[in-house]
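Novice: These protein sequence lines are chains A and B, in that order.
First residue of the first sequence: 1, per this note's numbering; consecutive thereafter.
First residue of the second sequence: 440, per this note's numbering; consecutive thereafter.
C-beta: ideal position from N, C-alpha, C; glycine also.
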Amino acid sequence: MSIVVVGLNHRTAPVDLREQLAFGRSEVPAALAELVAPGLAAEAVLLSTCNRTEFYLALEDTAAGEAAGRALLAGRAGLAPAEMGRHLYVHRDRAAVEHLFRVTAGVDSMILGEPQIQGQVKEAYQLALATRSSAGPVVGTVLNRLFQSALRAGGRVRSETELGLGAASVSSAAVELAKKIFGSLQGRNALVVGAGEMSEITVDCLKREGVRRCLVANRTEARAKELAERVGGQPIEWDGIGAALARVDIVVCSTAAPRPVLRGEQVRAALPGGARRPLCIVDIAIPRDVEPEVGREPNVFLYNIDDLQSIVDTNLGRRRDELPRAEALIAEGLDEFWSWYASLAVVPTIRALRDHGEALRQEELEKALRRLAHLAPEDRAAVEALTRALLNKLLHAPTVRLREAAGNGRGTAVLDLVRYLYELDHGAPAEDAPPREPL
Amino acid sequence: MIGWLHLAALVLYGAAAVLMWISFARGAERLSTAASLLLAAALVVHTVALALFTARWRELPLVGLGPSLSTLAYLVGLGTLIAATVGHARTVGLVLLPVVVVLVGVSAAEGLFPAGEAAAFQSVWFVLHVVFAFVGYVGLTVAFAAGLMYLLQFRELKSKRFGAIFRFFPPLETLDHLGRSGILIGFPFLTLAVLVGWAWTTRFQGVTAPGNPKLVWVFLSWCVFIAALLARTGGGRRGHRGAVASVAGFVIVVVFYLVLRVQSSHGGVFL
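1) Distance check for E98 (chain A) and L46 (chain A), CA to CA, integer angstroms please.
2) Name the residue from B:V663, B:Y589 and B:R469 whose alpha carbon lies nearest to the alpha carbon of R676 (chain B).
3) So, helix, strand or coil for L262 (chain A), using DSSP?
4) Note down the Cα distance separating N144 (chain A) from L165 (chain A), rounded to an integer number of angstroms.
5) Contact between the stretch 158-177 of chain A and the stretch 216-225 of chain A: three or more CB pairs below 8 angstroms?
6) Going along chain A, which residues have a C-beta under 7 angstroms from E498 (chain B)?
7) Considering just the uninterrupted stretch of the alpha helix (DSSP H) at P500 (chain B), what are its terminal residues?
8) Looking at the structure shown, is P609 (chain B) part of a helix, part of a strand, or coil, going by DSSP?
9) Let me know if Q118 (chain A) comes out buried or exposed under the rule of 16 or more other beta-carbons within 10 Å of its beta-carbon.
10) Considering only the alpha carbon of each residue, which of A:A82, A:E83 and A:V103 lies closest to H91 (chain A)?
11) By the 10 Å Cβ neighbour count, where 16 or more other Cβ atoms means buried, how is C214 (chain A) classified, buried or exposed?
12) Reducing DSSP to helix, strand and coil, say where G532 (chain B) ends up.
13) Specify the secondary structure class of P434 (chain A) as computed by DSSP and reduced to three states.
14) Under a CB-based cut-off of 8 angstroms, is P324 (chain A) close to chain B?
15) Would L40 (chain A) and G65 (chain A) qualify as a contact pair, given that the criterion is a beta-carbon distance under 8 angstroms?
16) Please check the pair A584 (chain B) and L535 (chain B), which I expect to be a contact at CB under 8 angstroms, by giving their CB distance rounded to whole angstroms.
17) With a cut-off of 8 angstroms, do at least 3 Cβ pairs link the stretch 331-345 of chain A to the stretch 373-385 of chain A?
18) So, are the CB atoms of T62 (chain A) and G7 (chain A) less than 8 angstroms apart?
19) With 8 angstroms as the threshold, decide whether the Cβ of T613 (chain B) is near any Cβ in chain A.
20) Taking one C-beta from the stretch 201-217 of chain A and one from the stretch 354-367 of chain A each time, how about it: are there three or more such pairs within less than 8 angstroms?
21) In whole angstroms, what separates the C-alpha of W460 (chain B) from that of G154 (chain A)?
22) Give the straight-line distance between the Cα atoms of D108 (chain A) and K180 (chain A), rounded to the nearest whole angstrom.
23) Taking C-beta pairs closer than 7 angstroms, name the residues in chain A that F601 (chain B) reaches, listed in chain order.
24) Can the beta-carbon of F607 (chain B) be found closer than 8 angstroms to that of F571 (chain B)?
25) What residues from chain C crowd round G210 (chain A), counting only those whose CB sits closer than 7 angstroms?
26) Counting only runs of 3+ residues fully inside the stretch 37-62 of chain A, write out the beta strand (DSSP E) ranges in chain order.
27) Which ranges does the beta strand (DSSP E) cover as unbroken runs of at least 3 residues, wholly within the stretch 228-252 of chain A, from first to last along the chain?
28) Let me see if you follow: with CB-CB separation under 8 angstroms, is P610 (chain B) close to chain A or not?
29) At the level of alpha carbons, what is the spacing between E237 (chain A) and P14 (chain A)?
30) Note the first and the last residue of the continuous alpha helix (DSSP H) segment covering A572 (chain B).
31) In chain order, which alpha helix (DSSP H) runs of at least 4 residues are fully inside the stretch 343-411 of chain A?
32) Starting from I181 (chain A), find everything on chain B with Cβ-Cβ shorter than 8 angstroms and list it in chain order.
33) With a threshold of 8 angstroms between beta-carbons, can P292 (chain A) be considered close to chain B, or not?
34) Excluding sequence positions up to five away, which residues of its chain have a Cβ less than 7 angstroms from the Cβ of L499 (chain B)?
35) E612 (chain B) to G673 (chain B), Cα distance in whole Å?
36) So which residues on chain B does F301 (chain A) lean against when the C-beta distance must stay under 8 angstroms?
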């Protein structure tokens, strides 16, 4: 059994191709069922986010399974397999496992350490767990253990390092700043000036943090209404900005106006005697929407795009500093999984060894008991128990050593030796050969 | 045994303070959690030390500089832990833990021995007076720490310097809430302490002279609380004014205490 990942991500494919290959939640079961079929994959999980689409497969016939995965993606994108191949990557066995661990920990993300990916991996795994193909469940022992291990390692990276700490985008930096002033944003009120894309993204971030009411002002009222509808806010007139300042805690400005739309005198007039409580103004427009002198007003905290970017840069730098510790945790989790996975290969040999020993024991026990026909039933039972105990003791050390050898990379040689010494392959082919790579 | 436990508590408080500062310097928030755990351990050891003191000498550690400072330090440590857990301001220990270390250090230097004072000092009135006053001063100390951090964080946010203070200190609102809570809890307790102290003095010592340094100090402390409360009323930058008042008030109270203590001929029983 091999583990393979076939997929593409933000580094290998342009956004339009990634969009085409993004699977909706309802489309995933059919895709998985298509791959998990006799002769193709034994197990499959599909991870589809805005930045990556990846099939994780556990399969006997690596070539056929990989080809099926490639064909499925090429077919969805409407590309020839060769052209599709330019954007795809394929990792096998340990490299595939390591890839999933890195993805889950956020190390492979477009924004280093971004937190959503762990939830997305978990969701992909749970969706696969609930999916059945004509051959049965699409997740079995191998991928089950693999995803649980990857999620555990990802959780450790998140809790034991600071890889995910601090805002990593301009909009989340705006939220981070507001939270440094207000603590929780639960129940706060915001005013959005401008109805562009950045406004919408920032408002989404604020809403997620619990901002209660969002007032939207735009020179074109229709656009203010549109944005207000999309974000669950309330449109206000352009001239109402001044009055609204006294009612809100956070102001987000993002218009395309060539001159400032929020002037010092306007703020002073709106807040006579200064703001009674802190007012956080985030100006993400270029050219700036807010006059710098507004920031000198008491209790007013004004930040522009450069301020937000400097927070992002600092945080990303700190995240990069945490990478070695994250990599160490990933390596630890990877080794642990790999030991388990490699030990799977010795199971058939251990089983054969025990069957062989048991057959010998039964044969010899039968002969002995025929000669000892005079024994009472309890004595016969004692003899049988003796042989069983002897067999168990004799096989204990080889069993343990085999498992250890599987984990430390000497498995193939030891397996061959055991099968040769005990003639386990004599007269019949091996029940199943160990996976090549793990050992 | 009591002395050793006291020293062990001092070492643990010191370790917690050092860890908190390392956490701040490195920007590693996880270390501040470890500092809080060390603080909890220090408080457990300190509790045992104070309980053993009470059991051995059959009096509460409230009289004499060593025992009373130790009790005050214990209560400030407890306040730090409460601020960290209930107040969501773990890093306020950055200011409070060194205060605790200084108090326990002075207490250890003075020695944890009973003062051997008159029975009057063991009456319920006296115990209530001191405990109420201590809780009041703990409130002021917490308000001072929160106020100091508020002013630093405010400056950081206003000047757009997003350095260690920005990352490590709690949000302004949290610090403001903590400072307000310190004053609102401390004030009634100090008022009660004044009332109980007045009743106790009348009962055991007759009328106290108006120039008595203890009276002067308590009156001053009470005025500081009033000022801190008034600073938080009205419009404008209430949080900022409250923080300034708490910091200035705490400094005034401590400086006056030191001055009065040096000048007082009754230094041994001043606290």
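Specialist: In short, the structure shows the following:
1) Spanning the two alpha carbons is a distance of roughly 16 angstroms.
2) Measuring from the Cα of R676 (chain B), the nearest candidate turns out to be B:Y589.
3) DSSP places L262 (chain A) in strand when its eight states are reduced to three.
4) Cα to Cα, the separation comes out at about 29 angstroms.
5) Three or more beta-carbon pairs separated by less than 8 angstroms are not found between the stretch 158-177 of chain A and the stretch 216-225 of chain A, which leaves the two stretches without contact.
6) Chain A residues near E498 (chain B): none, gap ~44 angstroms exceeds 7 angstroms.
7) Looking at the DSSP string, P500 (chain B) is not in any alpha helix (DSSP H), and its letter there is neither H nor E.
8) In the three-state scheme derived from DSSP, where H, G and I count as helix and E and B as strand, P609 (chain B) is classed as coil.
9) Q118 (chain A) should be labelled buried.
10) When the alpha-carbon of H91 (chain A) is set against those of A:A82, A:E83 and A:V103, the nearest one is in A:V103.
11) That one is buried.
12) Three-state DSSP puts G532 (chain B) in a helix.
13) Confidence at P434 (chain A) is low in this model, with a pLDDT of 42, below 50, so its placement is unreliable and the value that follows should be read with caution. P434 (chain A) falls in the coil class under three-state DSSP.
14) Taking 8 angstroms as the threshold, the shortest C-beta distance from P324 (chain A) to chain B does not fall below it.
15) Yes, the pair counts as a contact, with Cβ atoms nearer than the cut-off.
16) About 5 angstroms separates the two Cβ atoms, so the contact holds.
17) With the cut-off at 8 angstroms, the stretch 331-345 of chain A and the stretch 373-385 of chain A do not touch.
18) Not a contact, by the Cβ cut-off of 8 angstroms.
19) Yes, contact with chain A.
20) Short answer: they don't touch.
21) Approximately 29 angstroms, taken between the alpha carbons.
22) Cα-Cα distance, rounded: 29 angstroms.
23) Simply S310, I311 and T314.
24) Contact check for F607 (chain B) against F571 (chain B) fails: the beta carbons are separated by 8 angstroms or more.
25) The structure shown has no chain C; the protein chains it does contain are A and B.
26) Counting only runs of at least 3 residues, the stretch 37-62 of chain A fully encloses the following beta strand (DSSP E) elements, listed from N- to C-terminal order: 41-48 and 52-59.
27) Complete beta strand (DSSP E) runs here, min 3: 234-236.
28) Yes - at least one Cβ of chain A is within 8 angstroms of the one on P610 (chain B).
29) Whole-angstrom Cα-Cα distance: 40 angstroms.
30) Residues V563 to K597.
31) Fully enclosed alpha helix (DSSP H) runs of 4 or longer: 347-371 and 377-408.
32) Taking the beta carbon of I181 (chain A) as reference, the chain B residues within 8 angstroms of it are L596, P610, L611 and E612, listed in sequence order.
33) It does not: the Cβ of P292 (chain A) has no partner Cβ on chain B nearer than 8 angstroms.
34) Within the same chain, T493 and V566 come within 7 angstroms of L499 (chain B) by CB-CB distance, once the 5 residues on both sides are set aside.
35) Note on geometry: alpha-carbon atoms of E612 (chain B) and G673 (chain B) lie some 17 angstroms from one another.
36) Contacts between F301 (chain A) and chain B, judged by CB atoms closer than 8 angstroms, involve L596 and K597 in chain order.
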